[in-house]
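Protein chains in written order, with our numbering: chain A, -14 to 270; chain B, -14 to 270. Cβ atoms here follow ideal geometry from the backbone N, Cα and C, with glycine treated the same way. The structure presented is a predicted model; accordingly, all values stated were derived computationally and were not measured. What follows is a single structure, written as structure tokens, with notes after it.
Shown next as structure tokens:
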């Protein structure tokens, strides 16, 4: 049996009782490391906290390892209970779908333990989840690679009066150029896009394409570490949010569509208070 | 302090450790009863299961009560810790937003404990969450009230190649016509829309409006009791799903947009196998 267990967004306490029960009875426990161990508070210490809670060792599996060792993971799951732990909900990322598809194709039983993901936790800002359009991803621009396929999607959502969730790029275990040219694997330090960088890139693309999908005065909500004790949620214009220091990753950004009165009222609690220097602590919710 | 705690989708084991810790330290515990106690396995017995787990009594609060007693709930939260338990994630429904807005306006601290909701748990069928357009609600048609505002939204999603989540109507504690005319409160038995009824209504509206948003051959996924041990997930055309008995509530329906190869492969595991009588047991995932 292969258990795919969502850990939720904050820390080790966000696992469900169902998830904890499952992981405790598994013989082998893997944990995906390709999204956001850091934001999950999982340094080397973090892993031991989880290991203490579960009462067993965890093999941290990065993307390469999941791809390389999928056979090993699956062959273990054929004869015993294996847990694969995922930050957030199991189906936030395509990679987990791949693992499930392979398991099912081999006739291995798969059980999913759901949890919160950024896709529903953003509901906390008061914008109704059913009023979001297509989600977009904002990749880090480089000197030579500045893709803008998200722009048209945002424009569609804006036309329809819908909110847009922007997922921001995460670069973990990217091989360095130097290492690629030398044929030895060495990795760049992890990078997580901030709300500020995302807005800069968004405004650059608007300027280039000129479709009036949004501008500096467009209403947005910036999120950092959503679901954690120290989450920070600030509502304001793009221009205002450019000045806000959201702190440690992970960040995400919502571009606000048409708002209903109850959405407006709730957003109000997260608004930057004008007349104060910089943002106030708007992070409690 | 007011804790708004998501219980997840299945049963009492779907609460998170964080949520359990919070509810155990609260002096007063309310639980919303206006979505789906039934599907949550919460009959009178169910409540005692929760009460045993939490070690304290729970006041089940229907919509009327939350509206009428909000003052009482909030004044208790001003001086002590109060838990408000919600099936799924706290921000699936507007009503909870109202309560949070009122609490914040009174200066009461609010903490949210997230959990899985139908909005992210549908990811289990393999259709990527970021490829959904606006969510629609399908209300029960009556002889005189057959609203079709969902149609245009589905049509937009179809045009954009996006998937559409259809949330299906729940009627709990509806005053009966008889009781309204007699001035005494009596309630209709609860009603939960099935996937089958939803599809019948959808096809009726397509026939009426003729916009070719979808037809009998459109690819869909029907879900029942998602997140529960006995969940049922079946992929097929509208026509095929009309013949499937999904069993007890809650149900929801996804109208499939353009699919990527990995989505297609995953959906395949849930497809009705042709040549067998009716559907096979496609509910394990």
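Here the stretch 100 to 110 of chain A makes no contact with the stretch 142 to 153 of chain B; the two share fewer than three CB pairs at distances below 8 Å. In this structure, the CA atom of residue 36(B) is about 11 Å from the CA atom of residue 5(B).
With a threshold of 16 other beta carbon atoms within 10 Å, residue 153(B) meets it and is buried. Rounded to whole angstroms, the Cβ separation of residue 72(B) and residue -13(B) is 18 Å, and the two are not in contact under 8 Å.
Checking the DSSP bridge columns, you'll see residue 207(A) partnered with 219(A) and 238(A).
Counting only the Cα atoms, residue 77(A) lies some 7 Å from residue 102(A). Of the residues assessed, residue 56(A) falls on the exposed side of the cut-off, its CB having fewer than 16 other CB atoms within 10 angstroms. By alpha-carbon distance to residue 146(B), the top candidate from -3(B), 83(B) and 245(B) is 245(B).
Spatial neighbours of residue 70(A) in its own chain (CB-CB distance under 6 Å, excluding positions within 5 residues in sequence) are listed in chain order as -10, -8 and 16. Exclusion of the five residues before and after residue 126(B) leaves 186 as the residues of its chain whose Cβ lies within less than 6 Å of its Cβ. Between residue 34(B) and chain A, the shortest Cβ-Cβ separation is not below 8 Å. Around the Cβ of residue 200(A), a 10 Å sphere holds fewer than 16 other Cβ atoms; the residue is exposed. When DSSP states are grouped into helix, strand and coil, residue 18(A) belongs to the coil group. Taking C-beta atoms under 8 Å as the contact rule, residue 149(A) and residue 190(A) fail to qualify, at a distance of about 13 Å. As DSSP reads the structure, residue 156(A) sits in a beta bridge with 176(A). DSSP places residue 110(B) in the helix class (H, G or I) of the three-state scheme.
Judged by their CB atoms, residue 86(A) and residue 250(B) are nearer to each other than the 8 Å cut-off. Taking C-alpha positions only, residue 123(B) is separated from residue 211(B) by approximately 18 Å.
Between residue 202(A) and residue 224(A), the CB-CB gap stays under 8 Å. Residue contact check for residue 43(A) against chain B: no CB pair falls below 8 Å. Within the stretch 28 to 74 of chain A, the complete beta strand (DSSP E) segments at least 3 residues long are 44 to 46 and 67 to 71, listed from N- to C-terminus. Annotated three-state conformation of residue 13(B) is strand, per DSSP. Listed in chain order, the positions of the stretch 131 to 149 of chain B with a beta carbon within less than 8 Å of a beta carbon of chain A are 141, 145 and 147. Nearest C-alpha to residue 205(A) among 194(A), 198(A) and 221(A): 221(A). DSSP places residue 141(B) inside the alpha helix (DSSP H), whose first and last residues are 134 to 144. Leaving aside the five residues that flank residue 254(B) on each side, none in its chain has a CB nearer than 7 Å to its CB. For residue 98(B), the enclosing beta strand (DSSP E) begins and ends at 95 to 98. Among the residues of chain A, none has a CB under 7 Å from the CB of residue 249(B); the nearest is roughly 10 Å distant. Contact with chain B is absent for residue -14(A), since none of that chain's Cβ atoms lies less than 8 Å from the residue's Cβ. When 7 Å is used as the limit between beta carbons, residue 89(A) is near these residues of chain B: 254, in chain order. In chain order, 1, 2, 3 and 99 make up the part of chain B whose C-beta sits under 8 Å from the C-beta of residue -1(A). Residue 182(B) and residue 238(B) have their C-alpha atoms roughly 11 Å apart.
Within the model, the alpha-carbon separation for residue 54(A) versus residue 129(B) is close to 60 Å. Inclusion of residue -2(B) and residue 176(A) in the CB contact set at 8 Å is not warranted, their separation being larger than that value.
From the listed residues 213(B), 240(B), 242(B) and 88(B), the smallest Cα separation to residue 232(B) is found for 213(B).
For residue 121(B), no alpha helix (DSSP H) encloses it; the enclosing beta strand (DSSP E) starts and ends at 121 to 123.
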